[in-house]
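In our numbering, the protein residues as written are 66 to 228.
All residues carry an ideal CB built from backbone N, CA and C; glycine is no exception.
One structure below.
This is the structure we're talking about:
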């Protein structure tokens with residue numbers, strides 16, 4: 066429900082200012098949460114049967130074609146963990162990858178949620194557009210995490226079997 070009435074140009078400009086703030090806020094929240102919130106075996110993060118170990122994302126969305134073009138937020142932060150390319154197949158690095166993959170997924174889920182805030186200063190139809198925008202920007206990153214995580218788990222399982 067619109068409670069602040071601004072000139073159209075001001076409202077549009079505010080949308081362009083607010084979205085990055087919301088994205089960064091989601092990242093800051095997740096960066097400061099303890100690692101126990103990002104356990105890849107937890108129900109929210111684990112691969113579910115219908116995902117077929119992540120292959121559903123390749124079948125439906127052809128994720129392998131475009132995931133390399135996604136930005137890696139870990140490379141933007143000093144001391145961040147880059148997930149774009151594995152630098153090591155050590156157990157510690159793969160475990161860290163799984164943790165940071167869960168963190169990245171949560172950041173993007175949280176970044177979708179505040180789409181409704183735009184309704185305070187824009188006409189109601191804009192809320193719908195903000196939802197579409199939030200999904201379009203964040204779902205590819207979520208899909209990439211949900212596709213990659215089971216692959217990393219399989220690598221760890223193979224390493225454990227050969228050890």
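Check	Outcome
Integer-rounded CB distance, given that residue 176 should sit under 8 Å from residue 93	Going by Cβ atoms, the distance from residue 93 to residue 176 rounds to 11 Å, so no, they are not a contact pair.
Contact check, residue 110 vs residue 165, beta carbons under 8 Å	no
Residues near residue 168 in its chain [Cβ-Cβ closer than 7 Å; skip 5 each side]	95, 103
N-terminal and C-terminal residue of the alpha helix (DSSP H) that residue 161 is part of	156-177
Residue from 227, 162, 68, 155 with nearest C-alpha to residue 145	162
Residue 195 burial status per 10 Å Cβ neighbour count (16 or more: buried)	buried
C-beta contact flag for residue 174 and residue 192 at 8 Å	no
Counted within 10 angstroms of its Cβ, other Cβ atoms place residue 108 as buried (16 or more) or exposed	exposed
Proximity winner among 201, 185, 106, relative to residue 69 (alpha-carbon distances)	185
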